[in-house]
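K.L.:
For the record, in the sequence shown the residue sitting at position 136 is 135 according to numbering that gives the first Met the number 0, with numbers rising by one throughout.
Note that the Cβ used here is the ideal one computed from N, Cα and C, for glycine as well.
What you are looking at is a predicted structure, and each value in this text was computed from that prediction instead of being measured.
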Amino acid sequence: MPARGVFISFEGIDGSGKSTQARLLAEALRAEARDVVATREPGGAPGAEAIRRLLVEGDPARWSAETEILLFNAARCDHLERTIRPALDRGAVVVTDRFADSTRVYQGVARASLRPLVDRLHDLVIGVDPDLTFVIDMDARAALNRGLARRSGEDRFEDLGLDFQEALRAGFLALAREYPNRVQIIDGARAPEVIAQDVVARVAAHLA
Ligand code: ADP
Ligand code: TYD
Numbered sequence: 000m001p002a003r004g005v006f007i008s009f010e011g012i013d014g015s016g017k018s019t020q021a022r023l024l025a026e027a028l029r030a031e032a033r034d035v036v037a038t039r040e041p042g043g044a045p046g047a048e049a050i051r052r053l054l055v056e057g058d059p060a061r062w063s064a065e066t067e068i069l070l071f072n073a074a075r076c077d078h079l080e081r082t083i084r085p086a087l088d089r090g091a092v093v094v095t096d097r098f099a100d101s102t103r104v105y106q107g108v109a110r111a112s113l114r115p116l117v118d119r120l121h122d123l124v125i126g127v128d129p130d131l132t133f134v135i136d137m138d139a140r141a142a143l144n145r146g147l148a149r150r151s152g153e154d155r156f157e158d159l160g161l162d163f164q165e166a167l168r169a170g171f172l173a174l175a176r177e178y179p180n181r182v183q184i185i186d187g188a189r190a191p192e193v194i195a196q197d198v199v200a201r202v203a204a205h206l207a
């Protein structure tokens, strides 16, 4: 049975403003009295948050690329079972900060030969993609500076540097060409409220 709700994701490089825009969209939809579940990856359910800590903390060489892909999928499977599917089944709008596109891009950019493994695992254990995905696009250096300005202990991936961020940006733009019906590019180099208005208008068009 198809889900009744609407599934929306935000994607983009670290520091591009995904979390900010996911929050502003959730607030705008709640103001219209919609049932909204705001969530994030890696994480979004208690078990998935425990897996998140394994992924984002510690030595950058802690996991092989293959193990890392399995951990992201394990976290995503839990997130889907515990949070996303129940919400969609009751008709809610789910707004997530990252989903499977992050694995396609981050793990695919880290090693291009891994993309077939990423795709096969996605088909086997996840099997769904959002109805609508916003890629917040901006200059990689500016995004990196924003990210560094709010350093947390969660810097396993952010330490990878500017070249990696630039490759990620190109990866997200390529994704919009790969999935033109689902993925929309949003110019992230504007004021947060201006971007939020743009996003709300696009969501309204999708819901109409
Ligand atoms: P992400 O979730 O993509 O890593 P965040 O939403 O956490 O990005 O934003 C990263 C930093 O940049 C935060 O300090 C946030 O307040 C700031 N920020 C977010 N959006 C904008 C924007 N449009 N212009 C300037 N700064 C922004
Ligand atoms: P996130 O909390 O979104 O970080 P940020 O707010 O800094 O963008 O994600 C943590 C890190 O995990 C981030 O660097 C991206 C990475 N990541 C992957 O490599 N693959 C994935 O599938 C996901 C969901 C995240």
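1) Going straight from the alpha carbon of Ser101 to that of Gln196, what length do you get?
2) Which residue marks the beginning of the alpha helix (DSSP H) containing Val36, and which one marks its end?
3) So, at 7 angstroms on beta carbons, what are the nonlocal neighbours of Pro129 in its own chain, with the 5 sequence-adjacent residues on each side left out?
4) Are Leu54 and Leu70 closer than 8 angstroms when you measure CB to CB?
5) Could you say if the stretch 37-52 and the stretch 83-95 meet the contact criterion of at least three C-beta pairs nearer than 8 angstroms?
6) Under 7 angstroms Cβ to Cβ from Ala86, same chain only, skipping five residues before and after it: list those, please.
7) What residue does the beta strand (DSSP E) around Ser8 start on, and which one ends it?
8) Report buried or exposed for Arg168, applying the criterion of at least 16 other Cβ atoms within 10 angstroms of its Cβ.
9) Using 8 angstroms as the threshold, is the C-beta distance between Ile184 and Ile194 below it?
10) Note the first and the last residue of the continuous beta strand (DSSP E) segment covering Phe133.
11) Which residues bound the beta strand (DSSP E) around Thr95?
12) If I measure Cβ to Cβ from Arg140 and keep anything under 7 angstroms in the same chain, skipping five residues before and after, which residues do I get?
13) Whose C-beta lies closer than 7 angstroms to the C-beta of His121 among residues of the same chain, with five residues either side of it excluded?
14) Mind checking who Asp186 pairs with in its DSSP beta bridge?
15) Compare the C-alpha of Tyr178 against each of Met137, Ala190, Thr132 and Ala200 and name the closest.
16) Spatial neighbours of Pro191 within its chain, please: C-beta separation below 8 angstroms, excluding the five flanking residues on both sides.
17) Helix, strand or coil for Asp162 per DSSP?
P.N.:
Well, looking at it:
1) As a working mapping, residue 101 is identified with position 102 in the sequence shown. As a working mapping, residue 196 is identified with position 197 in the sequence shown. Rounded to whole angstroms, Ser101 to Gln196 spans 24 angstroms at the Cα level.
2) Residue 36 sits at position 37 when you count from the first residue of the sequence shown. Careful: Val36 lies outside any alpha helix (DSSP H), inside the beta strand (DSSP E) at Val35 to Arg39.
3) On the sequence shown, position 130 is the one that residue 129 refers to. A distance below 7 angstroms between beta-carbons, with the five flanking residues on each side excluded, links Pro129 to the following residues of its chain, in chain order: Phe6, Ile7, Ser8, Phe98 and Arg181.
4) Sequence index remark: in the sequence shown, residue 54 carries index 55 (1-based). Sequence index remark: in the sequence shown, residue 70 carries index 71 (1-based). In this structure, Leu70 lies closer than 8 angstroms to Leu54 by Cβ.
5) yes
6) The residue labelled residue 86 in the question sits at position 87 within the sequence shown. Once the five neighbours on either side are set aside, the close Cβ partners of Ala86 are Gly4, Val36 and Val93.
7) For the purposes of this step, residue 8 is taken as the residue at position 9 of the sequence shown. Val5 to Glu10 is the extent of the beta strand (DSSP E) around Ser8.
8) Counting from one through the sequence shown, the residue named residue 168 turns up at place 169. With 16 or more other Cβ atoms within 10 Å, it is buried.
9) In the sequence shown, the residue the question calls residue 184 occupies position 185. In the sequence shown, the residue the question calls residue 194 occupies position 195. Taking 8 angstroms as the Cβ cut-off, Ile184 and Ile194 do not qualify as a contacting pair.
10) Along the sequence shown, read from residue 1 onward, the residue named residue 133 stands at position 134. Leu131 to Asp136 is the extent of the beta strand (DSSP E) around Phe133.
11) Here residue 95 is taken as the residue at index 96 of the sequence shown, counted from 1. Where Thr95 is concerned, the enclosing beta strand (DSSP E) stretches over Val92 to Asp96.
12) Position 141 of the sequence shown, counted from the start, is the residue given in the question as residue 140. Result list for Arg140: Leu161, in chain order.
13) Taking the sequence shown and counting its residues from 1, the one referred to as residue 121 is at position 122. Result list for His121: Ala99, in chain order.
14) Reading the sequence shown from its first residue, position 187 is the one you call residue 186. DSSP, once it has assigned bridges, lists Asp136 as partnering Asp186.
15) For the purposes of this step, residue 178 is identified with residue 179 of the sequence shown, where counting begins at 1. Considering only alpha carbons, the answer is Thr132.
16) Along the sequence shown, read from residue 1 onward, the residue named residue 191 stands at position 192. Taken in chain order, the residues that qualify are Gly16, Thr19, Gln20 and Leu23.
17) Position 163 of the sequence shown, counted from the start, is the residue given in the question as residue 162. Helix.
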